[in-house]
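With full-length UniProt numbering applied, the sequence shown corresponds to residues 1 to 320, in that order.
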Amino acid sequence: MIRKQLITIVIGSLLTLFIFIPVTHADSGQTYLVQTEVLEVKNTPAQNAEVMGQLVRGDKITIFQEKFDWVQTYYNGQEAWVASQYLTPVKNDTSQKESSDDSIPEPKKTTKKEKSKQHSTQLFKPEQVLTTALSIDANDPLSGKHIVIDPGHGGKDPGAIGVSHIKEKKLTLAAAEKVAKKLQDKGATITITRKDDTYISLKKRVQKSAAHETDAFISLHYNAFQNPSVGGISTYYKSGDNSKELARSIQHSLMDTINLSNRGAKQADYHVLRENNDTAVLIELGFITNPKEVEKIQSDTYRKKVANSIADGLQQYFDE
Ligand SMILES: [Zn+2]
1 MIRKQLITIV
11 IGSLLTLFIF
21 IPVTHADSGQ
31 TYLVQTEVLE
41 VKNTPAQNAE
51 VMGQLVRGDK
61 ITIFQEKFDW
71 VQTYYNGQEA
81 WVASQYLTPV
91 KNDTSQKESS
101 DDSIPEPKKT
111 TKKEKSKQHS
121 TQLFKPEQVL
131 TTALSIDAND
141 PLSGKHIVID
151 PGHGGKDPGA
161 IGVSHIKEKK
171 LTLAAAEKVA
181 KKLQDKGATI
191 TITRKDDTYI
201 SLKKRVQKSA
211 AHETDAFISL
221 HYNAFQNPSV
231 GGISTYYKSG
241 DNSKELARSI
251 QHSLMDTINL
261 SNRGAKQADY
271 HVLRENNDTA
281 VLIELGFITN
291 PKEVEKIQSD
301 TYRKKVANSI
311 ADGLQQYFDE
């Protein structure tokens with residue numbers, strides 16, 4: 001689940017003006033120190049929210065986003081909020097450094113040849129690239145297309161926590177591997193934003209898309225909701241380009257093969273879409289808080305259907 005850029009309306013008591021305050025997402029988690037004796041951890045950013053636990057002076061927490069005077073962290077693997085006024089930032093904290101393997105070079109001008117070389121080396125070992133290069137066929141439906149697959153969350157960010165403590169980050173990675181393989185079989189070159197359980201900031205995910213001539217950026221997520229009966233698949237797109245057509249094509253293709261409710265293709269303001277200059281969509285592949293659905297979406301059969309549907313959706317989109 002991607003935390004929505006909720007827009008909250010505050011009515012100023014004197015001016016009765018409507019002020020729109022968006023949630024600000026931190027691009028990467030920052031470490032803060034608790035500066036009060038006891039700090040309550042809440043399940044939502046509100047004074048009257050349910051208390052999940054307590055922090056004490058000297059505790060360190062990692063912050064992922066801010067909303068009014070509240071900051072979001074994780075507490076026992078669950079999304080949690082604490083009042084920001086009792087926190088101070090910790091400087092030079094090396095434990096928060098991302099894995100250097102995933103560092104992105106500054107975008108530089110490259111020739112087409114260099115670019116296609118970069119594409120091939122992102123996901124596969126040299127010997128595999130060779131095999132692929134030999135088997136390139138202009139008739140492959142996705143030949144010449146470069147697709148970025150983005151498994152949501154990872155590392156210290158588990159994403160949503162579902163039934164039986166299943167973590168979204170694990171499912172997105174498993175799905176991404178299947179999708180990447182399928183698209184590669186159809187002739188596409190692939191970049192995957194993370195290959196293991198590593199934390200990658202939203203900003204870096206977008207940079208990975210910008211570092212290539214990307215034809216489509218596809219972020220994979222799973223949804224969560226308090227009501228366990230809520231379920232279904234949705235695809236989100238950024239505004240302003242043909243991402244909408246791609247989202248509709250993929251959503252249509254998913255609903256053709258998967259027997260879950262259709263929550264539609266919708267515009268959304270998520271960071272990886274909004275800040276992306278490439279065609280970009282984000283797919284929520286079912287609810288991990290729905291016990292019936294979670295059983296299904298963890299299966300290999302389901303992932304294969306997802307991979308096939310995304311490939312078909314892309315193909316139809318490029319054909320039009
Ligand atoms: Zn998510």
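Backbone N, C-alpha and C define an ideal beta-carbon position, used for all residues, glycine too.
Anticipated Cβ contact below 8 Å, residue i with residue j, distance rounded
i	j	result
F287	V206	About 26 Å separates the two Cβ atoms, so there is no contact after all.
residue 326	L171	Because the chain spans 1 through 320 in this model, residue 326 falls outside it and cannot be assessed.
G162	R194	Between R194 and G162 the Cβ distance is about 20 Å, and since that is not below 8 Å, they are no contact.
L33	K60	6 Å
L55	A216	About 42 Å; that fails the 8 Å criterion.
V281	I258	In fact, because the Cβ distance is near 16 Å, the residues do not count as touching under 8 Å.
A180	E168	The Cβ separation is near 18 Å, so there is no contact.
I146	H212	The question names Ile, yet the displayed sequence has His at residue 146. So it is a contact: roughly 5 Å between Cβ atoms.
Assigned secondary structure, residue i (DSSP; H/G/I helix, E/B strand, else coil)
i	result
I297	helix
A265	strand
V82	strand
G313	helix
Y302	helix
D140	coil
L260	coil
E320	coil
N276	coil
K167	strand
V179	helix
Residues of its chain near residue i, where Cβ-Cβ distance is below 8 Å and the 5 sequence neighbours each way are ignored
i	result
A175	P151, L220, L285, R303, V306 and A307
I166	I288, V294 and Q298
S261	G231, G232 and I233
Cβ-based burial, residue i [other Cβ within 10 Å; buried from 16]
i	result
P89	exposed
K292	exposed
T189	buried
D157	buried
A46	exposed
N276	buried
S253	buried
S164	exposed
Q122	For Q122, the predicted structure reports a pLDDT of 40, less than 50, and the residue's modelled location is therefore unreliable. A value from the coordinates is still provided. Per the 10 Å Cβ criterion, buried.
Which residues DSSP lists as bridging residue i, in chain order
i	result
E40	Q54
I149	I192 and I218
T235	A265 and I283
L33	K60 and T88
Contact set for residue i: own chain, Cβ-Cβ below 6 Å, skip 5 residues either direction
i	result
K266	Y236
K186	D140, P141, L142 and A311
N43	A49, E50 and M52
Residues near residue i by beta carbon distance below 7 Å, same chain, minus five either side
i	result
Y317	E245, L246 and S249
T214	H146, V148 and D278
N242	T279
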